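See below for the structure under consideration.
There are 2 protein chains.
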Amino acid sequence: MPSSAHTISAVRELPEPADLPAPLPEPAPAELRLETVLGALSDPLRLFIVHKLLLESERFDHPCSWLGIDRPKSSLTHHYKALREAGLIRQRQYGLERRSHVRVVDLNDRFPGLLDLVAAWEPPAAP
Amino acid sequence: MPSSAHTISAVRELPEPADLPAPLPEPAPAELRLETVLGALSDPLRLFIVHKLLLESERFDHPCSWLGIDRPKSSLTHHYKALREAGLIRQRQYGLERRSHVRVVDLNDRFPGLLDLVAAWEPPAAP
DNA sequence: GTTCTAGTACGAGTTGAGTCGAACTTAGCA
DNA sequence: TGCTAAGTTCGACTCAACTCGTACTAGAAC
Numbered sequence: 001m002p003s004s005a006h007t008i009s010a011v012r013e014l015p016e017p018a019d020l021p022a023p024l025p026e027p028a029p030a031e032l033r034l035e036t037v038l039g040a041l042s043d044p045l046r047l048f049i050v051h052k053l054l055l056e057s058e059r060f061d062h063p064c065s066w067l068g069i070d071r072p073k074s075s076l077t078h079h080y081k082a083l084r085e086a087g088l089i090r091q092r093q094y095g096l097e098r099r100s101h102v103r104v105v106d107l108n109d110r111f112p113g114l115l116d117l118v119a120a121w122e123p124p125a126a127p
Numbered sequence: 128m129p130s131s132a133h134t135i136s137a138v139r140e141l142p143e144p145a146d147l148p149a150p151l152p153e154p155a156p157a158e159l160r161l162e163t164v165l166g167a168l169s170d171p172l173r174l175f176i177v178h179k180l181l182l183e184s185e186r187f188d189h190p191c192s193w194l195g196i197d198r199p200k201s202s203l204t205h206h207y208k209a210l211r212e213a214g215l216i217r218q219r220q221y222g223l224e225r226r227s228h229v230r231v232v233d234l235n236d237r238f239p240g241l242l243d244l245v246a247a248w249e250p251p252a253a254p
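Residue numbers (my numbering), protein chains in the order written: chain A, 1 to 127; chain B, 128 to 254.
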């Protein structure tokens, strides 16, 4: 079952197995900047990615292709990199796959309420 | 006294005198889009404007020059217009002055918690 | 009237971001 | 060994946005 929007701000800890691959380079929690995070979320495609990861990830990492976005791979790489460098997602390498999840704990700690807004977001009606 | 960051999300109503000049064109509350609002706030100068208006406005409108930003007038016009068209501020014409205030009620209603993040924002250290 | 002033409008220069194709890298597998 | 698949890297293109100077408009005060 997808996480409810009302529970996301309550997430403060996520126990993780200890034998995961190391995360790709990312900003430390203290380095997160509100203007950078908001800028990363102002792109509709990236907002969609974070929204979907938040609501349907069930605490598992997902590869870039999991979202079913119909864009060239180089475009997706660009947006995932932007999200990771802004501090919104964490990425780990599993063999060929690079899996991502939202940095819920860090973001709730630094910007309480932000992820609730993303979770409550409604994508614009398709044309 | 400036509004506390902890009270901003509680603001749901602001009684206003009935004889104010009409607001300049702005999006209706139902038309506010999260991605647009976040994009407007992702510019450091605009984030600074909204932050300062929030914390020091004391429910009064303020002219563009009030913030003491050292930029050409045409640049300020550009950013105030961007904020108004994104739905973040309301502007009214008082003679020669165009005064602005944050649309606290509308934004709290549509994006609860967002203004608290802006109020809690700390400007980057001056170089 | 004239002058001053707050702010807009317009246009140009520059920069940065999004988009994408093509070539490349690497892990897994037959 | 070679093939396939996931994703990156690079470069080029386009377009939107930021910046700002100049000219302009409109209210206020004299």
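Don't be surprised by glycine CBs; every beta carbon is placed ideally from N, CA and C.
These numbers were taken from a predicted model, which means no experiment stands behind them.
{"Item": "How far does the beta strand (DSSP E) with residue 89/A in it extend, from its first residue to its last?", "Value": "89-94"}
{"Item": "Quick check on residue 196/B - is its C-beta less than 8 angstroms from some C-beta in chain A?", "Value": "no"}
{"Item": "Using a Cβ-Cβ cut-off of 7 angstroms (strictly less than) and excluding sequence neighbours within five positions of residue 221/B, which residues of its own chain qualify?", "Value": "148"}
{"Item": "Quick one: what does DSSP say residue 150/B is sitting in, helix, strand or coil?", "Value": "strand"}
{"Item": "Confirm, please, whether the CB-CB distance from residue 180/B to residue 135/B is below 8 angstroms.", "Value": "no"}
{"Item": "Is there at least one non-hydrogen atom of the ligand MG closer than 7 angstroms to the beta-carbon of residue 19/A?", "Value": "The model on display carries no ligand, and the ligand MG is accordingly not part of it."}
{"Item": "Taking only three categories from DSSP, how would you classify residue 110/A?", "Value": "helix"}
{"Item": "Can you list the residues of chain A that residue 169/B reaches, using a CB-CB cut of under 7 angstroms?", "Value": "35, 38, 39 and 42"}
{"Item": "Might you give, ordered along the chain, the residues of its own chain that have their beta carbon closer than 6 angstroms to the beta carbon of residue 210/B, omitting 5 neighbours on each side?", "Value": "167, 173 and 216"}
{"Item": "Going by the beta-carbon positions, is the gap between residue 114/A and residue 104/A smaller than 8 angstroms?", "Value": "no"}
{"Item": "Under 7 angstroms Cβ-Cβ, which residues of chain B neighbour residue 113/A?", "Value": "240, 243 and 244"}
{"Item": "Under DSSP, the beta strand (DSSP E) around residue 102/A begins and ends at which residues?", "Value": "97-102"}
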